[in-house]
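Here the structure is laid out as C-alpha coordinates; the discussion comes afterwards.
Numbering (this note's numbering), first residue to last: 909 to 1283.
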(Lines of atoms letter the chains of each structure in order from A and count residues from 1; the text may use other names and numbers.)
(Lines give C-alpha, C1' and ligand atoms only; values in the text may rest on other atoms or scores of the structure.)
Protein backbone atom coordinates (compact mmCIF):
# COMPACT_ATOMS: atom_id res chain seq x y z
CA UNK A 1 0.00 0.00 0.00
CA UNK A 2 2.83 2.43 0.86
CA UNK A 3 4.46 1.75 -2.51
CA UNK A 4 1.14 2.44 -4.27
CA UNK A 5 0.71 5.72 -2.36
CA UNK A 6 4.23 6.81 -3.28
CA UNK A 7 3.56 6.13 -6.97
CA UNK A 8 0.32 8.12 -6.84
CA UNK A 9 2.01 11.02 -5.05
CA UNK A 10 4.84 11.01 -7.62
CA UNK A 11 2.37 11.21 -10.50
CA UNK A 12 0.30 13.88 -8.77
CA UNK A 13 3.44 15.86 -7.93
CA UNK A 14 4.56 15.68 -11.56
CA UNK A 15 1.21 17.08 -12.64
CA UNK A 16 1.75 20.01 -10.28
CA UNK A 17 5.23 20.56 -11.74
CA UNK A 18 3.88 20.75 -15.29
CA UNK A 19 1.17 23.23 -14.27
CA UNK A 20 3.81 25.31 -12.52
CA UNK A 21 5.79 25.37 -15.76
CA UNK A 22 2.64 26.45 -17.61
CA UNK A 23 2.02 29.46 -15.39
CA UNK A 24 5.69 30.27 -14.78
CA UNK A 25 5.77 33.20 -17.27
CA UNK A 26 3.42 35.01 -14.89
CA UNK A 27 5.60 34.58 -11.80
CA UNK A 28 9.22 34.53 -13.02
CA UNK A 29 9.93 37.97 -11.59
CA UNK A 30 8.30 37.34 -8.21
CA UNK A 31 10.63 35.17 -6.07
CA UNK A 32 8.35 35.22 -3.04
CA UNK A 33 5.40 34.32 -5.25
CA UNK A 34 7.31 31.34 -6.66
CA UNK A 35 8.11 30.07 -3.17
CA UNK A 36 4.52 30.49 -2.04
CA UNK A 37 3.21 28.58 -5.05
CA UNK A 38 5.69 25.73 -4.49
CA UNK A 39 4.65 25.46 -0.82
CA UNK A 40 0.97 25.51 -1.78
CA UNK A 41 1.44 22.88 -4.49
CA UNK A 42 3.41 20.69 -2.11
CA UNK A 43 0.61 20.83 0.45
CA UNK A 44 -2.05 20.12 -2.19
CA UNK A 45 -0.06 17.14 -3.48
CA UNK A 46 -0.36 15.37 -0.13
CA UNK A 47 -3.81 16.78 0.80
CA UNK A 48 -5.81 13.71 -0.40
CA UNK A 49 -3.64 11.39 1.70
CA UNK A 50 -3.76 13.68 4.74
CA UNK A 51 -7.55 13.85 4.41
CA UNK A 52 -7.85 10.08 4.79
CA UNK A 53 -5.36 10.02 7.68
CA UNK A 54 -7.17 12.74 9.66
CA UNK A 55 -10.54 11.14 8.91
CA UNK A 56 -9.40 7.69 10.09
CA UNK A 57 -8.08 9.09 13.37
CA UNK A 58 -11.20 11.10 14.17
CA UNK A 59 -10.12 14.66 13.25
CA UNK A 60 -13.30 15.20 11.24
CA UNK A 61 -13.21 19.02 11.04
CA UNK A 62 -9.62 19.07 9.73
CA UNK A 63 -10.38 16.21 7.34
CA UNK A 64 -13.47 17.97 6.01
CA UNK A 65 -11.57 21.23 5.43
CA UNK A 66 -8.74 19.44 3.65
CA UNK A 67 -11.26 17.49 1.55
CA UNK A 68 -13.04 20.63 0.38
CA UNK A 69 -9.88 22.53 -0.49
CA UNK A 70 -7.83 19.59 -1.73
CA UNK A 71 -10.43 17.98 -3.98
CA UNK A 72 -11.64 21.28 -5.47
CA UNK A 73 -8.00 22.08 -6.22
CA UNK A 74 -7.59 18.63 -7.79
CA UNK A 75 -10.35 19.40 -10.29
CA UNK A 76 -8.84 22.69 -11.36
CA UNK A 77 -5.38 21.13 -11.44
CA UNK A 78 -6.54 18.37 -13.80
CA UNK A 79 -8.03 20.92 -16.19
CA UNK A 80 -4.85 23.02 -16.07
CA UNK A 81 -2.67 19.94 -16.53
CA UNK A 82 -4.67 18.86 -19.59
CA UNK A 83 -4.29 22.28 -21.17
CA UNK A 84 -0.62 22.84 -20.39
CA UNK A 85 0.27 19.28 -21.39
CA UNK A 86 -0.87 20.17 -24.91
CA UNK A 87 1.19 23.35 -24.75
CA UNK A 88 4.16 21.34 -23.54
CA UNK A 89 3.87 18.88 -26.45
CA UNK A 90 3.72 21.79 -28.88
CA UNK A 91 6.73 23.47 -27.28
CA UNK A 92 8.70 20.22 -27.42
CA UNK A 93 7.98 19.83 -31.13
CA UNK A 94 8.98 23.44 -31.78
CA UNK A 95 12.21 22.97 -29.81
CA UNK A 96 13.12 19.79 -31.73
CA UNK A 97 12.33 21.24 -35.15
CA UNK A 98 14.10 24.53 -34.38
CA UNK A 99 17.36 22.60 -34.01
CA UNK A 100 17.35 22.22 -37.77
CA UNK A 101 15.34 25.31 -38.68
CA UNK A 102 16.06 28.10 -36.23
CA UNK A 103 13.29 30.31 -37.58
CA UNK A 104 10.71 27.84 -36.29
CA UNK A 105 11.48 28.95 -32.74
CA UNK A 106 9.13 31.85 -33.43
CA UNK A 107 6.26 29.34 -33.27
CA UNK A 108 6.69 29.07 -29.50
CA UNK A 109 3.50 30.10 -27.71
CA UNK A 110 4.52 29.64 -24.08
CA UNK A 111 4.38 33.03 -22.44
CA UNK A 112 2.37 35.37 -20.19
CA UNK A 113 -0.50 35.79 -22.67
CA UNK A 114 -1.11 32.07 -23.12
CA UNK A 115 -0.73 31.44 -19.38
CA UNK A 116 -3.34 34.12 -18.65
CA UNK A 117 -5.78 32.81 -21.27
CA UNK A 118 -5.20 29.28 -20.03
CA UNK A 119 -6.02 30.18 -16.43
CA UNK A 120 -9.20 31.95 -17.53
CA UNK A 121 -10.29 28.88 -19.51
CA UNK A 122 -9.47 26.56 -16.60
CA UNK A 123 -11.37 28.65 -14.07
CA UNK A 124 -14.39 29.02 -16.36
CA UNK A 125 -14.47 25.30 -17.16
CA UNK A 126 -14.09 24.39 -13.50
CA UNK A 127 -16.99 26.62 -12.48
CA UNK A 128 -19.14 24.98 -15.14
CA UNK A 129 -18.00 21.61 -13.74
CA UNK A 130 -19.62 22.44 -10.38
CA UNK A 131 -22.88 23.18 -12.18
CA UNK A 132 -22.84 19.97 -14.22
CA UNK A 133 -22.06 17.81 -11.18
CA UNK A 134 -25.00 19.31 -9.27
CA UNK A 135 -27.58 18.48 -11.96
CA UNK A 136 -28.34 14.77 -12.10
CA UNK A 137 -29.87 13.61 -15.38
CA UNK A 138 -32.45 10.83 -15.63
CA UNK A 139 -31.58 8.40 -18.42
CA UNK A 140 -34.43 6.16 -19.59
CA UNK A 141 -33.63 2.83 -21.22
CA UNK A 142 -36.11 0.29 -22.58
CA UNK A 143 -35.14 -3.39 -22.73
CA UNK A 144 -37.34 -5.95 -24.45
CA UNK A 145 -37.56 -9.48 -23.10
CA UNK A 146 -39.83 -12.44 -23.81
CA UNK A 147 -39.19 -13.68 -20.26
CA UNK A 148 -41.51 -11.12 -18.67
CA UNK A 149 -44.35 -11.27 -21.18
CA UNK A 150 -46.87 -12.36 -18.52
CA UNK A 151 -46.08 -9.47 -16.20
CA UNK A 152 -49.04 -7.01 -16.24
CA UNK A 153 -46.75 -3.95 -16.18
CA UNK A 154 -43.19 -3.25 -17.34
CA UNK A 155 -40.56 -3.94 -14.71
CA UNK A 156 -39.11 -0.62 -13.57
CA UNK A 157 -35.52 -0.81 -12.33
CA UNK A 158 -33.71 2.31 -11.13
CA UNK A 159 -29.91 2.17 -11.00
CA UNK A 160 -27.61 4.41 -9.03
CA UNK A 161 -23.85 3.99 -9.02
CA UNK A 162 -20.68 5.67 -7.79
CA UNK A 163 -22.47 8.03 -5.44
CA UNK A 164 -19.34 8.33 -3.24
CA UNK A 165 -21.02 9.52 -0.06
CA UNK A 166 -18.18 11.14 1.85
CA UNK A 167 -17.13 14.15 3.89
CA UNK A 168 -18.37 16.54 1.20
CA UNK A 169 -21.92 15.17 1.01
CA UNK A 170 -24.82 16.59 2.98
CA UNK A 171 -28.39 15.54 3.79
CA UNK A 172 -29.81 18.07 1.33
CA UNK A 173 -27.92 16.45 -1.57
CA UNK A 174 -29.23 12.98 -0.74
CA UNK A 175 -32.76 14.26 -0.12
CA UNK A 176 -32.78 15.79 -3.61
CA UNK A 177 -31.52 12.54 -5.12
CA UNK A 178 -34.11 10.45 -3.30
CA UNK A 179 -36.84 12.81 -4.47
CA UNK A 180 -35.81 12.17 -8.08
CA UNK A 181 -35.72 8.41 -7.49
CA UNK A 182 -39.17 8.36 -5.85
CA UNK A 183 -40.66 10.30 -8.76
CA UNK A 184 -39.58 7.46 -11.08
CA UNK A 185 -41.67 4.95 -9.07
CA UNK A 186 -39.26 2.03 -9.38
CA UNK A 187 -40.22 -1.55 -8.59
CA UNK A 188 -36.67 -2.11 -7.40
CA UNK A 189 -33.65 0.12 -6.73
CA UNK A 190 -30.17 -1.25 -7.44
CA UNK A 191 -26.85 0.27 -6.40
CA UNK A 192 -23.85 -0.92 -8.40
CA UNK A 193 -20.99 -0.02 -6.08
CA UNK A 194 -19.01 2.88 -4.66
CA UNK A 195 -21.99 4.18 -2.75
CA UNK A 196 -19.82 5.19 0.19
CA UNK A 197 -16.32 6.67 0.31
CA UNK A 198 -15.73 7.62 3.94
CA UNK A 199 -15.61 6.21 7.44
CA UNK A 200 -19.24 5.33 7.98
CA UNK A 201 -19.71 7.00 11.39
CA UNK A 202 -19.85 10.28 9.43
CA UNK A 203 -22.83 8.99 7.45
CA UNK A 204 -25.43 7.96 10.06
CA UNK A 205 -27.91 10.68 9.08
CA UNK A 206 -27.63 9.66 5.42
CA UNK A 207 -28.36 6.06 6.36
CA UNK A 208 -31.60 7.20 8.00
CA UNK A 209 -32.67 8.92 4.79
CA UNK A 210 -32.07 5.74 2.77
CA UNK A 211 -34.19 3.72 5.22
CA UNK A 212 -37.13 6.00 4.49
CA UNK A 213 -37.44 4.73 0.92
CA UNK A 214 -38.68 1.19 0.27
CA UNK A 215 -39.68 0.27 -3.30
CA UNK A 216 -42.03 -2.73 -3.70
CA UNK A 217 -39.29 -5.23 -4.63
CA UNK A 218 -36.66 -3.76 -2.35
CA UNK A 219 -33.21 -2.21 -2.63
CA UNK A 220 -30.24 -4.31 -3.79
CA UNK A 221 -26.55 -3.42 -3.75
CA UNK A 222 -23.11 -4.76 -4.57
CA UNK A 223 -19.70 -3.62 -3.41
CA UNK A 224 -17.42 -1.40 -5.47
CA UNK A 225 -13.72 -0.83 -4.94
CA UNK A 226 -14.36 2.04 -2.53
CA UNK A 227 -16.45 -0.15 -0.23
CA UNK A 228 -13.37 -2.38 -0.12
CA UNK A 229 -11.14 0.64 0.66
CA UNK A 230 -13.42 1.85 3.47
CA UNK A 231 -13.60 -1.67 4.91
CA UNK A 232 -15.85 -4.61 4.15
CA UNK A 233 -17.49 -4.76 7.58
CA UNK A 234 -18.10 -0.99 7.79
CA UNK A 235 -19.51 -0.88 4.27
CA UNK A 236 -21.77 -3.87 4.81
CA UNK A 237 -23.06 -2.40 8.07
CA UNK A 238 -23.87 0.97 6.46
CA UNK A 239 -25.66 -0.52 3.46
CA UNK A 240 -27.70 -2.92 5.58
CA UNK A 241 -28.66 -0.11 7.97
CA UNK A 242 -29.74 1.85 4.89
CA UNK A 243 -32.15 -0.95 3.94
CA UNK A 244 -30.14 -2.50 1.11
CA UNK A 245 -29.81 -6.24 0.59
CA UNK A 246 -26.13 -6.66 -0.27
CA UNK A 247 -25.40 -9.43 -2.76
CA UNK A 248 -21.84 -10.67 -2.35
CA UNK A 249 -21.44 -13.35 -5.00
CA UNK A 250 -25.04 -14.24 -4.24
CA UNK A 251 -28.37 -14.18 -5.99
CA UNK A 252 -31.98 -13.50 -5.12
CA UNK A 253 -35.22 -14.12 -6.98
CA UNK A 254 -37.96 -11.52 -7.33
CA UNK A 255 -41.55 -12.52 -8.20
CA UNK A 256 -40.34 -16.06 -9.07
CA UNK A 257 -39.28 -14.85 -12.52
CA UNK A 258 -36.51 -12.27 -12.04
CA UNK A 259 -33.12 -13.47 -10.85
CA UNK A 260 -30.66 -10.85 -9.61
CA UNK A 261 -27.01 -11.88 -9.26
CA UNK A 262 -24.55 -9.66 -7.40
CA UNK A 263 -20.85 -10.00 -8.19
CA UNK A 264 -18.29 -8.74 -5.68
CA UNK A 265 -15.84 -6.08 -6.80
CA UNK A 266 -12.70 -7.29 -8.59
CA UNK A 267 -10.44 -6.19 -5.71
CA UNK A 268 -12.25 -8.68 -3.47
CA UNK A 269 -11.53 -12.40 -3.83
CA UNK A 270 -13.54 -14.02 -6.63
CA UNK A 271 -12.05 -16.10 -9.41
CA UNK A 272 -13.49 -15.88 -12.92
CA UNK A 273 -14.57 -19.53 -12.88
CA UNK A 274 -16.56 -18.87 -9.68
CA UNK A 275 -18.33 -15.98 -11.41
CA UNK A 276 -19.23 -18.21 -14.36
CA UNK A 277 -20.45 -20.92 -12.01
CA UNK A 278 -22.69 -18.39 -10.27
CA UNK A 279 -24.12 -17.22 -13.60
CA UNK A 280 -24.83 -20.77 -14.75
CA UNK A 281 -27.16 -21.35 -11.81
CA UNK A 282 -29.90 -19.27 -13.43
CA UNK A 283 -32.95 -20.86 -15.07
CA UNK A 284 -33.54 -20.27 -18.76
CA UNK A 285 -37.06 -18.88 -18.21
CA UNK A 286 -35.94 -16.28 -15.65
CA UNK A 287 -34.96 -12.74 -16.57
CA UNK A 288 -31.41 -12.59 -15.20
CA UNK A 289 -30.03 -9.26 -14.01
CA UNK A 290 -26.36 -9.03 -13.04
CA UNK A 291 -25.06 -6.28 -10.75
CA UNK A 292 -21.31 -5.85 -11.12
CA UNK A 293 -19.35 -2.72 -10.33
CA UNK A 294 -16.81 -2.80 -13.16
CA UNK A 295 -18.20 -2.77 -16.73
CA UNK A 296 -16.48 -5.97 -17.77
CA UNK A 297 -17.90 -9.29 -18.97
CA UNK A 298 -16.10 -12.62 -18.81
CA UNK A 299 -15.46 -13.93 -22.36
CA UNK A 300 -17.66 -17.00 -21.84
CA UNK A 301 -20.38 -15.23 -19.84
CA UNK A 302 -22.48 -13.85 -22.71
CA UNK A 303 -25.76 -15.71 -22.98
CA UNK A 304 -25.80 -16.48 -19.25
CA UNK A 305 -27.66 -13.30 -18.34
CA UNK A 306 -29.98 -10.76 -19.93
CA UNK A 307 -28.72 -7.45 -18.55
CA UNK A 308 -25.65 -6.41 -16.58
CA UNK A 309 -25.63 -3.08 -14.77
CA UNK A 310 -22.26 -1.54 -13.95
CA UNK A 311 -20.52 1.74 -13.19
CA UNK A 312 -16.99 2.50 -11.96
CA UNK A 313 -15.52 4.57 -14.82
CA UNK A 314 -17.74 7.68 -14.27
CA UNK A 315 -17.65 8.21 -18.04
CA UNK A 316 -14.32 9.90 -17.31
CA UNK A 317 -16.01 12.48 -15.02
CA UNK A 318 -13.85 15.42 -16.12
CA UNK A 319 -12.93 15.79 -19.78
CA UNK A 320 -10.55 14.58 -21.18
CA UNK A 321 -10.03 11.89 -18.53
CA UNK A 322 -12.49 9.65 -20.42
CA UNK A 323 -9.63 8.87 -22.85
CA UNK A 324 -7.76 7.16 -20.01
CA UNK A 325 -10.77 5.34 -18.57
CA UNK A 326 -11.70 4.16 -22.08
CA UNK A 327 -8.35 2.37 -22.38
CA UNK A 328 -9.18 0.30 -19.29
CA UNK A 329 -12.93 0.07 -19.78
CA UNK A 330 -14.05 0.40 -23.43
CA UNK A 331 -17.67 -0.05 -22.33
CA UNK A 332 -17.85 2.95 -20.00
CA UNK A 333 -20.92 4.94 -20.93
CA UNK A 334 -24.34 3.74 -22.01
CA UNK A 335 -25.95 0.57 -23.36
CA UNK A 336 -23.92 -2.08 -25.18
CA UNK A 337 -25.44 -5.03 -27.06
CA UNK A 338 -23.43 -8.21 -26.69
CA UNK A 339 -23.80 -11.62 -28.37
CA UNK A 340 -26.60 -14.03 -27.43
CA UNK A 341 -29.20 -11.40 -26.47
CA UNK A 342 -26.99 -10.06 -23.69
CA UNK A 343 -26.82 -6.38 -22.76
CA UNK A 344 -24.51 -4.32 -20.57
CA UNK A 345 -25.25 -0.84 -19.30
CA UNK A 346 -22.41 1.27 -17.89
CA UNK A 347 -23.58 4.19 -15.79
CA UNK A 348 -21.65 7.47 -15.74
CA UNK A 349 -22.30 7.45 -12.00
CA UNK A 350 -24.61 9.45 -9.79
CA UNK A 351 -22.03 11.38 -7.78
CA UNK A 352 -18.39 12.37 -8.07
CA UNK A 353 -15.11 10.99 -6.81
CA UNK A 354 -12.58 13.53 -5.59
CA UNK A 355 -13.31 16.85 -7.29
CA UNK A 356 -17.00 17.78 -6.96
CA UNK A 357 -16.99 18.53 -10.68
CA UNK A 358 -18.07 16.93 -13.93
CA UNK A 359 -17.24 18.17 -17.41
CA UNK A 360 -18.98 16.59 -20.43
CA UNK A 361 -20.02 13.59 -18.31
CA UNK A 362 -23.16 14.54 -16.38
CA UNK A 363 -24.20 12.41 -13.40
CA UNK A 364 -27.14 10.11 -13.90
CA UNK A 365 -29.94 8.10 -12.38
CA UNK A 366 -30.97 5.39 -14.81
CA UNK A 367 -34.50 4.05 -15.26
CA UNK A 368 -34.83 0.71 -17.05
CA UNK A 369 -38.20 -0.45 -18.26
CA UNK A 370 -38.21 -4.17 -19.07
CA UNK A 371 -41.09 -4.66 -21.50
CA UNK A 372 -42.41 -7.79 -23.22
CA UNK A 373 -40.83 -8.69 -26.54
CA UNK A 374 -43.32 -9.33 -29.31
CA UNK A 375 -43.63 -12.72 -31.03
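Virtual Cβ for every residue (Gly too), placed ideally from N, Cα, C.
Since the structure is predicted, the reported quantities are computational estimates derived from the model, not experimental observations.
**Message:** Which residues does DSSP list as the beta-bridge partners of residue 1276?
**Reply:** Beta-bridge partners assigned by DSSP to residue 1276: 1049 and 1065.
**Request:** Output the boundary residues of the beta strand (DSSP E) element that contains residue 1218.
**Result:** 1215-1218
**Message:** Nearest by alpha-carbon distance to residue 1196: which of 1171, 995 and 1264 is it?
**Reply:** 1171
**Asked** I think residue 1044 touches residue 1271, with their Cβ atoms under 8 Å apart; what is that distance to the nearest whole Å?
**Response** 5 Å
**Message:** Alpha carbons only, please: which of 1223, 1232 and 1227 is nearest the one belonging to residue 1241?
**Reply:** Comparing alpha-carbon positions, the option among 1223, 1232 and 1227 lying closest to residue 1241 turns out to be 1223.
**Message:** Contact between the stretch 1062-1079 and the stretch 1240-1259 is defined here as three or more beta-carbon pairs at a separation below 8 Å; is this criterion met?
**Reply:** yes
**Simplified DSSP state of residue 1158, which is helix, strand or coil** = strand
**Request:** Using 10 angstroms around the beta-carbon of residue 1100, count the other beta-carbons present and answer buried if the total reaches 16, otherwise exposed.
**Result:** buried
**Prompt:** Within 10 angstroms of its Cβ, does residue 1024 collect 16 or more other Cβ (buried), or is it exposed?
**Reply:** exposed
**Message:** Given 7 Å as the limit, tell me if residue 982 has its C-beta closer than that to any heavy atom belonging to the ligand PLP.
**Reply:** Of ligands this structure carries none, so the ligand PLP is not represented either.
**Item:** alpha helix (DSSP H) runs contained entirely in the stretch 960-1045, provided each spans 4 or more residues
**Value:** 968-1006 and 1020-1042
**Prompt:** Should residue 1014 go down as buried or exposed, given a rule of 16 or more other Cβ atoms within 10 Å for buried?
**Reply:** exposed
**Message:** By the three-class DSSP mapping on this structure, what secondary structure does residue 1221 have?
**Reply:** coil
**Request:** Report, in whole angstroms, the separation of the C-beta atoms of residue 1089 and residue 1278, which I expect to be a contact under 8 Å.
**Result:** The pair is not a contact, with the Cβ atoms about 18 Å apart (cut-off 8 Å).
**Item:** Simplified DSSP state of residue 1195, which is helix, strand or coil
**Value:** Assignment of residue 1195 by DSSP, reduced to helix, strand and coil, places it in the strand class.
**Contact set for residue 1243: own chain, Cβ-Cβ below 7 Å, skip 5 residues either direction** = Here the set comprises 1049, 1251 and 1253.
**Message:** Using 8 Å as the cut-off, can you tell me whether the stretch 960-969 makes contact with the stretch 983-990, which would need three or more C-beta pairs spanning the two stretches below that distance?
**Reply:** no
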